[in-house]
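Before any comments, here is the structure.
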């Protein structure tokens with residue numbers, strides 16, 4: 004996936020599209036997916052209680068995906084720089100609990116709504132096409148928001164191997180290692196590994212999203 008184009012698309016610039024109906028989750032979901040490797044159903048289920056600090060590390064707690072193990076993922080500095088703290092303050096003022104409170108569930112899942120918005124369906128263009136990106140890859144497979152998880156995996160795999168802590172890769176992805184549940188590695192190690200994720204666009208901020216015209 005062309006990350007530079009994706010994170011410089013209209014959501015992250017100064018101008019709205021004509022007839023656009025912006026939602027907070029349009030801004031935050033791609034960022035959270037890229038910087039945490041979580042699935043959209045997991046991200047859609049996050050609540051304020053899932054954000055906490057331990058041993059001086061700010062964490063997101065994911066525990067809602069049946070096939071994926073519960074885990075904590077350090078919050079990448081780029082998310083704070085994008086205005087996450089201000090956004091969380093706004094959520095509390097609104098009396099909301101769920102982080103992506105304006106993302107509705109369809110058939111009990113958040114991923115269906117995300118899929119249509121991101122990849123499109125039929126005649127309806129998704130965010131990808133509106134950014135000039137194809138929604139089908141070179142192998143003819145549909146490009147989905149979960150492609151950002153694959154990018155997360157590729158980056159932290161390199162970082163985990165360099166740290167000599169490959170079990171951290173399995174843990175951060177919520178996967179078992181040879182059928183065994185992975186014990187949580189030290190938070191300092193997890194933070195060190197995830198901090199290596201590349202910042203694609205340092206000019207992204209939630210306030211800029213709100214101020215678009």
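Numbering (my numbering), first residue to last: 4 to 216.
Just so you know, even glycine gets a beta-carbon here, dropped at the ideal spot from N, CA and C.
Being a predicted model, the structure only gives us computed values, none of them experimental.
With a threshold of 16 other beta carbon atoms within 10 Å, residue 194 meets it and is buried. Following the DSSP letters along the chain, one finds residue 55 inside the beta strand (DSSP E) bounded by residues 54 to 57. Under DSSP, residue 183 forms a beta bridge with 180. Around the beta carbon of residue 77, 16 or more other beta carbons lie within 10 angstroms, which makes this residue buried.
One Cα belongs to residue 92, the other to residue 98, and the distance between them is close to 10 angstroms. Residue 202: not part of any alpha helix (DSSP H); DSSP gives it neither H nor E.
Note that the C-beta distance between residue 67 and residue 102 is not below 9 angstroms. DSSP, read as helix, strand or coil, puts residue 124 in strand.
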